[in-house]
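Below: one structure, written as structure tokens.
Protein chains: 2
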Amino acid sequence: MQLHRLVTFFKTIGDPTRLRIIKLLSQGPLHGQAIAGKLGLTPATITHHLKKLRDVNIVYERRDGNIIYFYLQPSVVQHYAHALLDLTEQNEVKKEMKEKFVERQKVIDNFFTSDGRLKNIPAQRKKKLIVLEHMLKGLKPGKRYTEKEINEHIKKFHEDYATIRREFIMNNYMYRENGIYELNPPEMWHKIDE
Amino acid sequence: MQLHRLVTFFKTIGDPTRLRIIKLLSQGPLHGQAIAGKLGLTPATITHHLKKLRDVNIVYERRDGNIIYFYLQPSVVQHYAHALLDLTEQNEVKKEMKEKFVERQKVIDNFFTSDGRLKNIPAQRKKKLIVLEHMLKGLKPGKRYTEKEINEHIKKFHEDYATIRREFIMNNYMYRENGIYELNPPEMWHKIDE
DNA sequence: TATCTAATTAGATATATATCTAATTAGTTG
DNA sequence: CAACTAATTAGATATATATCTAATTAGATA
Numbered sequence: 001m002q003l004h005r006l007v008t009f010f011k012t013i014g015d016p017t018r019l020r021i022i023k024l025l026s027q028g029p030l031h032g033q034a035i036a037g038k039l040g041l042t043p044a045t046i047t048h049h050l051k052k053l054r055d056v057n058i059v060y061e062r063r064d065g066n067i068i069y070f071y072l073q074p075s076v077v078q079h080y081a082h083a084l085l086d087l088t089e090q091n092e093v094k095k096e097m098k099e100k101f102v103e104r105q106k107v108i109d110n111f112f113t114s115d116g117r118l119k120n121i122p123a124q125r126k127k128k129l130i131v132l133e134h135m136l137k138g139l140k141p142g143k144r145y146t147e148k149e150i151n152e153h154i155k156k157f158h159e160d161y162a163t164i165r166r167e168f169i170m171n172n173y174m175y176r177e178n179g180i181y182e183l184n185p186p187e188m189w190h191k192i193d194e
Numbered sequence: 001m002q003l004h005r006l007v008t009f010f011k012t013i014g015d016p017t018r019l020r021i022i023k024l025l026s027q028g029p030l031h032g033q034a035i036a037g038k039l040g041l042t043p044a045t046i047t048h049h050l051k052k053l054r055d056v057n058i059v060y061e062r063r064d065g066n067i068i069y070f071y072l073q074p075s076v077v078q079h080y081a082h083a084l085l086d087l088t089e090q091n092e093v094k095k096e097m098k099e100k101f102v103e104r105q106k107v108i109d110n111f112f113t114s115d116g117r118l119k120n121i122p123a124q125r126k127k128k129l130i131v132l133e134h135m136l137k138g139l140k141p142g143k144r145y146t147e148k149e150i151n152e153h154i155k156k157f158h159e160d161y162a163t164i165r166r167e168f169i170m171n172n173y174m175y176r177e178n179g180i181y182e183l184n185p186p187e188m189w190h191k192i193d194e
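Note that the protein sequences, when read in sequence, are chains B and L. For the first sequence, full-length UniProt numbering gives the first residue as 1, with consecutive numbering after it. For the second sequence, full-length UniProt numbering gives the first residue as 1, with consecutive numbering after it.
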């Protein structure tokens with residue numbers, strides 16, 4: 001939804017007379033003169049506001065004989081209300097992702113030296129997975145590696161390549177077939193359950 | 001929620017600059033000059049808008065050293081979004097009740113003569129229950145009736161008081177003990193399942 | 001077709017407000 | 001306390017708009 005449409009909608013309902021009309025119509029359809037009477041305003045004024053309400057599609061009309069009844073369209077109102085919610089919820093999701101990222105970064109800062117070597121393998125499962133995933137970064141998805149290549153890669157981080165290589169397999173980050181290693185797609189990895 | 005508060009809130013967010021500020025702040029807090037820079041406006045203008053945003057409590061501030069950071073308060077925005085939804089949903093409930101009432105009235109008009117006598121007992125269960133409940137109206141809750149009194153009451157609507165009296169009992173509208181009849185409370189009645 | 005009525009339009013007026021520049025305030029830091 | 005800076009306030013201007021009265025239009029009905 002473009003910003004402009006939201007602005008127009010909220011400007012439209014951000015008026016006491018128009019909100020009163022909405023409330024009135026929420027009880028059922030009414031014709032212009034009736035609305036004017038109930039609100040103590042002239043028909044011309046009501047026309048003015050109805051035009052704006054129609055412009056944002058929250059009101060439609062239907063003729064019955066000589067008089068025109070105006071109806072509220074609740075679904076449109078609900079639609080914009082949800083758009084407003086999204087405007088802030090989108091933010092919540094982003095904030096959550098950001099927090100997760102910060103948390104992971106903290107773990108990585110703690111377990112790797114400034115020149116990028118792993119100090120030791122974390123005991124906590126959650127932290128261990130973060131560390132393993134960090135060491136996975138240099139490997140390319142789809143590329144096939146020999147065991148020797150994998151060992152060399154791991155040794156850039158830590159001497160005990162055997163343990164770490166085993167962890168890669170056990171936690172489903174990679175699979176091995178005939179001594180050839182390959183990255184699994186992320187959706188197959190062991191997820192960190194909070 | 002008073003109408004006035006809703007109007008003020010929607011008027012506040014019904015402005016392009018303010019909605020842009022809200023969107024910006026939904027990514028994270030910012031200080032005044034930063035907002036002014038990103039929107040291409042002067043700090044004075046930003047102050048003007050922030051004042052209005054604070055007035056409706058969707059923005060709060062926190063000082064860090066020499067600069068003041070402005071934060072969005074998503075819960076307040078969500079609160080008003082829900083109030084907007086309620087404005088239309090309240091209507092849906094009322095409309096439903098009204099429709100049910102109209103439906104019942106139609107059945108009653110069909111099965112009773114203009115002088116209030118029952119033409120015949122409806123075959124459809126749903127309609128029968130509406131008719132029975134209509135004939136229950138003259139009886140007082142809590143009052144104890146003899147069988148003869150019940151019969152007299154029913155005879156005002158229809159000759160076959162025995163059948164109807166039995167229906168009253170079978171559908172749990174009344175109970176009988178030692179030949180004394182009494183109305184059950186409505187929550188015990190047979191409900192009409194659509 | 002002529003007439004009636006609800007709705008709309010046109011035009012006037014008063015009020016509200018978004019924005020700017022310039023001056024001032026509040027608060028931090030040396 | 002003095003100097004600095006971000007934020008606010010004051011005042012001016014231009015634009016938007018809510019409301020009214022009076023005139024006009026659109027549509028239904030006799």
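C-beta: ideal position from N, C-alpha, C; glycine also.
Within the segment 15-26 of chain L, contact with chain B at the beta-carbon level (separation under 8 Å) is assigned to 15, 16, 19, 20, 22, 23, 26. Of all alpha-carbon atoms in B:24, B:110, B:86, the one lying nearest the alpha-carbon of residue 70 of chain B is that of B:24. Contact annotation, residue 118 of chain L with residue 131 of chain L: C-beta distance approximately 7 Å; criterion of less than 8 Å satisfied. By a beta-carbon distance limit of 8 Å, residue 47 of chain B contacts residue 32 of chain B. Their separation comes to about 7 Å. Secondary structure of residue 136 of chain B (DSSP, three-state): coil. Cβ-Cβ distances below 8 Å link residue 49 of chain L to 15, 17, 18, 21 in the same chain, with the five nearest sequence neighbours on each side left out; the list follows chain order.
In the structure shown, residue 48 of chain L adopts helical secondary structure according to DSSP, grouped into three states.
By the Cβ-count criterion, residue 123 of chain B is exposed, with fewer than 16 other Cβ atoms from all chains shown falling within 10 Å of its own Cβ. From the listed residues L:160, L:61, L:64, L:81, the smallest Cα separation to residue 6 of chain L is found for L:81. The DSSP-derived three-state label of residue 87 of chain L is helix.
For residue 172 of chain B against residue 153 of chain B, the beta-carbon gap comes to about 18 Å, at or over 8 Å, which does not count as contact. For residue 183 of chain B, the enclosing beta strand (DSSP E) has its first and last residue at 180-183. When secondary structure is reduced to three states using DSSP, residue 72 of chain B falls in the strand class. Listed along chain B are 14, 15, 16, 19, each with a C-beta nearer than 7 Å to that of residue 7 of chain L.
Bounds of the alpha helix (DSSP H) holding residue 161 of chain L are 161-170. Counting only residues of its own chain and dropping the five nearest sequence neighbours on each side, residue 72 of chain B has a CB closer than 7 Å to the CB of 22, 25, 26, 58, 59. Bounds of the alpha helix (DSSP H) holding residue 17 of chain L are 16-26. With at least 16 other beta carbons inside 10 angstroms of its own, residue 56 of chain L counts as buried. Among the residues facing chain B, residue 52 of chain L is not included, as its CB has no counterpart in that chain under 8 Å away. For residue 5 of chain L, the enclosing alpha helix (DSSP H) has its first and last residue at 3-13. Bounds of the beta strand (DSSP E) holding residue 177 of chain B are 174-177. Under DSSP, residue 112 of chain B takes part in a beta bridge, and its partners are B:118.
At least one CB of chain L lies nearer than 8 Å to the CB of residue 81 of chain B. Taken through DSSP and simplified to helix, strand or coil, residue 56 of chain B comes out as coil. Between residue 13 of chain L and residue 168 of chain B, the C-beta spacing is not below 8 Å. Comparing C-alpha distances from residue 74 of chain B to each of L:182, L:62, L:66, L:89 shows the shortest one belongs to L:89. DSSP places residue 146 of chain B in the uninterrupted beta strand (DSSP E) bounded by 144-146. Counting along the chain, residue 37 of chain L sits inside the alpha helix (DSSP H) bounded by residues 32-39. Assignment of beta-bridge partners to residue 63 of chain B by DSSP yields B:68.
Using beta-carbon distances, residue 185 of chain L does not count as an interface residue toward chain B, since no partner is under 8 Å. Residue 2 of chain B and residue 68 of chain B have their C-alpha atoms spaced approximately 32 Å apart. Residue 178 of chain L and residue 96 of chain L have their alpha carbons spaced roughly 41 Å apart.
Residue 102 of chain L sits away from residue 127 of chain L, with the two beta carbons spaced by 8 Å or more. Judged by DSSP in its simplified three-state form, residue 156 of chain B adopts coil rather than helix or strand. Residue 56 of chain B has a beta carbon lying at 8 Å or more from every beta carbon in chain L.
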